[in-house]
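Okay, structure first, notes after.
Numbering (my numbering), first residue to last: 27 to 618.
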């Protein structure tokens, strides 16, 4: 009986065991199916999700190519500087963190707090900061706030060549000057960096972030000579301060190639600190802003007259009592001259003689020569924002336009156009295409391309250029440009003083002018041509008294720097600018 009573219990136990086994088997089967799904069917998706939980891909800016002068001196390069970033998911108290960071980084607290809130893995807090601020941020030890090294554009010479170099933005993109003009060559490839999450869930940049040379931009080598650039900068700064001028510019060019040796403007700016600088200050006015050149334009008039055989150095011109009336406008000289030779007319910068020569030349021929020298068109310089200047067509000229243009009025040129035109006289009549980038190299030193000098045209022949050079030498040795004479060297050049138009009265101002001198040396074998422009000097701002001495100072240093031996002794005369009589009100006039 006992055994009979136990049989049902044994049967029940065996059934329960079977059920349990089936359940375990089913569970294992479910797990195997799930593992198959995760590891086989969803392997790629799960791998990406896991990587996203442990890694984060961030794009950093490229390693921008450096810029050097002709001797390999660095003018623009990159520095490793700290950038602050945050992992908002790891920031425990966004408000407190924002409050503490804003005081150091000078970023609005509310803006920072908004960035630090949320479930984002990565946000920039402030990029490319100074190391002293980075030290203060690091000392705060705020969870979720970290730093990484990025490349920041640095200009080691400060304001030197600022308007030509321009500057780059926060993302290493060119914004002004050569930086934007040669963006294609300078900009390297953006870097992608994989961030790792540490044991505390914080995103950490890898220590080795160095990118290969293939990611870096090309290096650019300029025609600029840093030594000559420094000479020009110092001289212009002194001249502007001494004359209380509004500003000024100096361009030094190699007339044989068109390469720019120096290019400086005042006022200037520091491309390392452009946040507080207005576009007015960083605009390259020597290429963007045309001005009426005044009597320096008589060089082109003389060139046309010589090339057309209308004048020879000893040709006589009647300048009378120093004034002539043309189309209701009285043109004055600073003194009565009577009969003068063509040589003397250029030497003393006679307005009356210039007007008569222009009338004999005629508007069609004068216009053709002005265009031949490059006025009214771009020079083709490899800088952005170039202006064509103002040279109206002959059908738009009034009865007084022809004599006015002979004196550099009713025409507007950029300083670059003028120095390029005079360089054509210096090199025997060939108008060169100016340029500022000489060659481009890869980071390994391989050549990308090298510039070759380019002749645009020949506005005049070698004989006319040589004769005009002799006339311009007389201007320096005996005429209005005597203060440009450099001891031991033959110098050719021309002074200019141009009245500025008063925007209120729309008439020429009696107090505001542009003083200039353009010339080259040594005259027999020119190594440089230089234009000096001083804008609105205070007092009697004749070009011979204001701009010519600057030319002499810089020119003497340039010749020594280029190791050009002196050829002869020249007696430097004192300019007679103080003897010029006051201009007549309402008359078109020029001292030079």
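Quick reminder that beta carbons are idealized off the backbone N, C-alpha and C, glycines included.
Environment of residue i [buried if 16+ CB atoms lie within 10 Å]
i: residue 563; result: buried
i: residue 166; result: exposed
i: residue 374; result: buried
i: residue 266; result: buried
i: residue 532; result: exposed
i: residue 568; result: buried
i: residue 136; result: exposed
i: residue 98; result: exposed
i: residue 350; result: buried
i: residue 321; result: buried
i: residue 88; result: buried
i: residue 419; result: exposed
i: residue 105; result: exposed
i: residue 543; result: buried
i: residue 28; result: Any reading at residue 28 must be qualified, since the residue scores a pLDDT of 44, below 50, and its modelled position is unreliable; the value itself is stated next. When all chains shown are included, residue 28 counts as exposed.
i: residue 284; result: buried
i: residue 435; result: buried
i: residue 270; result: exposed
Closest Cα partner of residue i within the set the options
i: residue 208; options: 522, 546, 505 and 464; result: 464
i: residue 339; options: 377, 183, 491 and 179; result: 491
i: residue 494; options: 565, 588, 335 and 265; result: 335
i: residue 12; options: 243, 538, 396 and 522; result: This structure cannot speak to residue 12, because the chain is shown only from 27 to 618.
i: residue 331; options: 384, 316 and 289; result: 384
i: residue 439; options: 315, 485 and 301; result: 315
i: residue 243; options: 355, 90 and 107; result: 90
i: residue 417; options: 246, 319 and 368; result: 319
i: residue 630; options: 293, 146, 191 and 309; result: Limits of the chain in this structure are 27 at one end and 618 at the other, which puts residue 630 out of reach.
i: residue 95; options: 254, 271 and 152; result: 254
i: residue 485; options: 547, 175 and 392; result: 392
i: residue 448; options: 577, 555, 377 and 582; result: 555
i: residue 472; options: 247, 152, 157 and 53; result: 247
i: residue 360; options: 506, 429 and 269; result: 506
i: residue 199; options: 573, 129, 213 and 173; result: 213
i: residue 357; options: 264, 345 and 394; result: 345
Neighbourhood of residue i by C-beta, 8 Å cutoff - its chain only, sequence neighbours within 5 removed
i: residue 168; result: 117, 123, 126 and 127
i: residue 9; result: No answer is possible for residue 9: it lies beyond the span of the chain, which begins at 27 and ends at 618.
i: residue 409; result: 190, 203, 204, 207, 310, 313 and 462
i: residue 145; result: 114 and 115
i: residue 365; result: 342, 343, 344 and 345
i: residue 156; result: 107
Neighbourhood of residue i by C-beta distance below 6 Å, restricted to the same chain and skipping five residues each side
i: residue 487; result: 455
i: residue 42; result: none
i: residue 236; result: Any reading at residue 236 is ruled out, since the residue's pLDDT is 49, under 50, leaving its predicted position unreliable.
i: residue 362; result: 347 and 348
i: residue 276; result: 258, 262, 290 and 558
i: residue 431; result: 437
i: residue 540; result: 317, 524 and 561
i: residue 477; result: 461 and 464
i: residue 139; result: 120, 121 and 124
i: residue 215; result: 88 and 241
i: residue 170; result: 112, 113, 116 and 117
i: residue 150; result: 111
i: residue 578; result: 510 and 512
i: residue 44; result: none
i: residue 497; result: 369 and 372
i: residue 288; result: 254, 255, 258 and 278
i: residue 185; result: 294 and 296
i: residue 427; result: 436
i: residue 324; result: 380
Supposed close pair residue i, residue j - CB separation, criterion 8 Å
i: residue 442; j: residue 407; result: 6 Å
i: residue 590; j: residue 553; result: 6 Å
i: residue 425; j: residue 353; result: 3 Å
i: residue 466; j: residue 159; result: No, residue 466 and residue 159 are not in contact; Cβ-Cβ is about 35 Å, not under 8 Å.
i: residue 571; j: residue 499; result: Rounded, the Cβ-Cβ distance is 20 Å, inconsistent with contact.
i: residue 510; j: residue 565; result: The Cβ separation is near 19 Å, so there is no contact.
i: residue 249; j: residue 286; result: 5 Å
i: residue 446; j: residue 400; result: 6 Å
i: residue 547; j: residue 586; result: About 12 Å; that fails the 8 Å criterion.
i: residue 398; j: residue 483; result: 6 Å
Own chain, CB closer than 7 Å to residue i, minus 5 neighbours either side, in chain order
i: residue 132; result: none
i: residue 382; result: 343
i: residue 142; result: 112, 114, 117, 120, 123 and 124
i: residue 201; result: 192, 193, 194 and 195
i: residue 293; result: 273 and 307
i: residue 386; result: 336
key: Inter-stretch contact at 8 Å, needing at least 3 Cβ pairs: the region 173-181 / the region 446-453   = no
ask   = Taking three-plus beta-carbon pairs below 8 Å as touching, is the region 288-305 in contact with the region 191-208?
value = yes
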